[in-house]
Amino acid sequence: MFAEKVIELLKETERNPETIDQFNDEKIRQILEEMQLLFKMNMNDANATMDNKALWTTVQVRHSALERNKRCLLAYLYNRMNKIKTLRWEFGSVLPLDVRELLADEEYDWFTKYSSNLATYMRSLGQDTGYNGIDLTENLKPPKSLYIEVLCVLDYGKLELEDGDVIMLKKNSRHFLPTTECQTLIRQGILKQIT
Amino acid sequence: MDSNEDIYLSDNEEEITAEIVLKTLQSAWQNERLAPEILPHRSDMVECMLGQLQHMERNISKLPKTDLRASIHKMEISRIKFIICNYLKIRLNKIEKYCIPIIKDERQRTDSGTNYLTPSEYKYAQEYLLNMENHMKNVILNKVPGNMQSFDMNKMAEHPNLQTHVFLKAHETVNGVVLEDLVGEDEEIDLEEGSQHILQYKPIADLVKNGKVQLV
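Each protein sequence line maps, in turn, to chains A and B. The opening position of the first sequence corresponds to residue 1 in this note's numbering, with each subsequent residue numbered one higher. The opening position of the second sequence corresponds to residue 1001 in this note's numbering, with each subsequent residue numbered one higher.
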């Protein structure tokens, strides 16, 4: 059946709407091959349709299959792009290695470009008032309180706070920190909120 | 800026303005969150509020760390910062999602001087679209058969759903809002000042943009 593989590909994505899967190189290659094959068959038959009108339908069905394949492939890619965007907001411009491995090289390129475009935009914010840009990836949640209690999950090392104090983040230590300063660390999984 | 020791949000001649700025910003934020399409930017308000925040931060740093006032004002600052960040972020999300129609419309609007995006937002949108196009070309389009390699903007475009329904509150009386009906029977209604309605977004889009109604 035409366009069967592409449906498998989309179903795969559908299964985990929240998380990103390994980029399915192999399947995409197969689909592209199928498309080339369909195209070749169509070219042959298209030349023959001059004499044989019965081939018209065949050509058209193959053409729809080609269109469908293209559309679904782009949808797959677009869907992944949206997921990669969320990664940028969650992890910042540096991806953890295990996540990085799930992306294709081209996708990683795209991520880098997206990331630097976003950074350029954020730097341009509030320049007239003397701010050096605003990091929009902070302040994702409405602030509830100024300080929160956090548990350190990993050995992180020294952290310098805005007011100049330096604290040592060791595994299993508890701290009472300003909310704004530990949001990123919480998202990176170094701190855990306990309240 | 003066060097007034008073650290309250509004100080001397800016007493009314700071409050109004915050209110305007809040309602712009609220509208932006609820409207399906992108609204004209209010970067003037954002800039102004940022300046105010900086002023507040400077004043707070003069207070001792344990001062109660300092923590109350810090809280206030982080609330305002959240509003600003969230406002800008929602705009970015819309720009990314609807970048093709937005860029197309924006080109015409820039010519007539009524642009909805700030220059840096516009730049961001263009760059975003370019990156998306290149990415799709690299991974898929360059590898499909010859006559299908085009990146068709019109087919790729995602449009905001202007037919969606919204809750709104009228700031002032507006007469003769025409509601289009699918059957072709148009209906005219009047919005009383202070009244609340549920309506389709499209007929009232202009009223939202010029501030006559507020989405709630």
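Where is the CB? At the ideal position from N, CA and C, for every residue including glycine.
Where the alpha helix (DSSP H) containing residue i begins and where it ends
i	result
Pro1119 of chain B	1119–1139
Arg1079 of chain B	1068–1097
Leu10 of chain A	4–15
His175 of chain A	Looking at the DSSP string, His175 of chain A is not in any alpha helix (DSSP H); the run it does join, the beta strand (DSSP E), is 174–178.
Val99 of chain A	97–100
Gly1051 of chain B	1043–1062
His63 of chain A	55–91
Asn117 of chain A	105–124
Glu26 of chain A	25–48
Leu1153 of chain B	According to the sequence displayed, residue 1153 of chain B carries Met and not Leu. Start and end: 1153–1156.
Within chain A, the residues that residue i reaches when beta carbons sit closer than 7 angstroms
i	result
Met1148 of chain B	Leu66, Lys70
Lys1074 of chain B	Leu146
When the options are compared against residue i, the one with the closest alpha-carbon
i	options	result
Glu1187 of chain B	B:Met1056, B:Gln1196, B:Gly1194, B:Gly1176	B:Gly1176
Lys144 of chain A	B:Gln1214, B:Gln1030, B:Phe1082	B:Phe1082
Leu1154 of chain B	B:Asn1138, B:Lys1104, B:Ile1060, B:Asp1190	It should be pointed out that residue 1154 of chain B corresponds to Asn in this sequence rather than to Leu. Among B:Asn1138, B:Lys1104, B:Ile1060, B:Asp1190, the Cα nearest to that of Asn1154 of chain B belongs to B:Lys1104.
Leu77 of chain A	A:Asn47, A:Phe111, A:Asn44, A:Ser64	A:Phe111
Leu74 of chain A	B:Gln1052, B:Ala1125, B:Gln1149	B:Gln1149
Val99 of chain A	A:Lys70, A:Asp21, A:Thr184, A:Ile190	A:Asp21
Asn1093 of chain B	A:Trp89, A:Tyr156, A:Arg80	A:Trp89
Leu159 of chain A	A:Tyr121, A:Ile190, A:Asn82, A:Cys72	A:Ile190
Lys198 of chain A	B:Asn1086, B:Val1046, B:Met1136	There is simply no residue 198 of chain A to check, as chain A begins at 1 and stops at 195 in what is shown.
Val1139 of chain B	A:Met122, A:Tyr156, A:Lys141, A:Arg80	A:Arg80
Glu149 of chain A	A:Thr120, A:Gln193, A:Glu106, A:Lys141	A:Gln193
Gln188 of chain A	A:Val153, A:Thr13, A:Leu55	A:Val153
Glu1047 of chain B	A:Gln127, A:Leu140, A:Asp135	A:Gln127
Thr179 of chain A	A:Glu4, A:Leu118, A:Leu140	A:Leu140
Glu101 of chain A	A:Ser115, A:Ile84, A:Asn16, A:Tyr114	A:Ile84
Residue i - containing beta strand (DSSP E), residue span
i	result
Asp155 of chain A	Neither: Asp155 of chain A is in no beta strand (DSSP E) and is coded neither H nor E.
His1197 of chain B	1196–1200
Ala1170 of chain B	1165–1170
Glu1187 of chain B	1187–1191
Ile167 of chain A	166–169
Gln193 of chain A	191–193
Val1177 of chain B	1174–1179
Gln1214 of chain B	1213–1215
Beta-carbon spacing of residue i, residue j below 8 angstroms
i	j	result
Arg68 of chain A	Leu38 of chain A	no
Pro1160 of chain B	Met35 of chain A	no
Val1174 of chain B	Lys1212 of chain B	yes
Leu151 of chain A	Glu181 of chain A	no
Phe176 of chain A	Ala104 of chain A	no
Tyr1087 of chain B	Ala1157 of chain B	no
Phe1151 of chain B	Glu1180 of chain B	no
Glu1032 of chain B	Leu1162 of chain B	no
Partner residues on chain A for residue i, Cβ-Cβ distance less than 8 angstroms
i	result
Pro1203 of chain B	What Pro1203 of chain B touches in chain A: nothing, since even the nearest Cβ is about 31 angstroms away.
Leu1088 of chain B	Leu125, Ile134, Leu136
Ser1195 of chain B	None at all; the shortest Cβ gap to chain A is about 29 angstroms.
Chain-ordered neighbours of residue i on chain B, where CB pairs are closer than 9 angstroms
i	result
Met41 of chain A	The contacting residues do not exist; Met41 of chain A stays about 11 angstroms from chain B at best.
Tyr108 of chain A	Those do not exist, as Tyr108 of chain A stays about 11 angstroms from chain B at its closest Cβ, beyond 9 angstroms.
Leu161 of chain A	Ordered by position in chain B, no residue passes the 9 angstroms Cβ test against Leu161 of chain A, which lies about 11 angstroms from the chain.
Leu55 of chain A	Those do not exist, as Leu55 of chain A stays about 18 angstroms from chain B at its closest Cβ, beyond 9 angstroms.
Partners in chain B for residue i, counting only beta-carbon separations shorter than 8 angstroms
i	result
Gly133 of chain A	None at all; the shortest Cβ gap to chain B is about 10 angstroms.
Pro17 of chain A	What Pro17 of chain A touches in chain B: nothing, since even the nearest Cβ is about 17 angstroms away.
Contacts of residue i in chain B (Cβ-Cβ under 7 angstroms)
i	result
Gln36 of chain A	Pro1145
Met168 of chain A	Correct list: empty, because the minimum Cβ distance to chain B is about 20 angstroms.
Lys113 of chain A	Asn1131
Thr180 of chain A	Ser1078
Chain A residues whose Cβ lies nearer than 9 angstroms to that of residue i
i	result
Val1021 of chain B	Those do not exist, as Val1021 of chain B stays about 13 angstroms from chain A at its closest Cβ, beyond 9 angstroms.
Leu1189 of chain B	Residue identity check: residue 1189 of chain B is Ile in the sequence provided, not Leu. Chain A residues near Ile1189 of chain B: none, gap ~35 angstroms exceeds 9 angstroms.
Heavy atom of the ligand HEM within 7 angstroms of residue i beta-carbon
i	result
Ile1103 of chain B	In the structure on display, the ligand HEM does not appear, and there are no ligands present to speak of.
Assess contact between the stretch 1053–1061 of chain B and the stretch 1073–1085 of chain B, defined as three or more Cβ pairs (one per stretch) separated by less than 8 angstroms. Is contact present? They touch, by the three-pair rule.
May I ask you to verify whether the stretch 1110–1124 of chain B touches the stretch 54–61 of chain A, counting CB pairs closer than 8 angstroms and requiring at least 3? No contact exists between the stretch 1110–1124 of chain B and the stretch 54–61 of chain A.
I'd like to know if the stretch 1161–1171 of chain B and the stretch 1186–1200 of chain B are in contact, where contact means that at least 3 CB-CB pairs between them fall below 8 angstroms. Because the criterion of three Cβ pairs below 8 angstroms is met, the stretch 1161–1171 of chain B and the stretch 1186–1200 of chain B touch.
Any 3 or more C-beta pairs closer than 8 angstroms across the stretch 1116–1128 of chain B and the stretch 167–175 of chain A: At 8 angstroms Cβ cutoff, the stretches do not touch.
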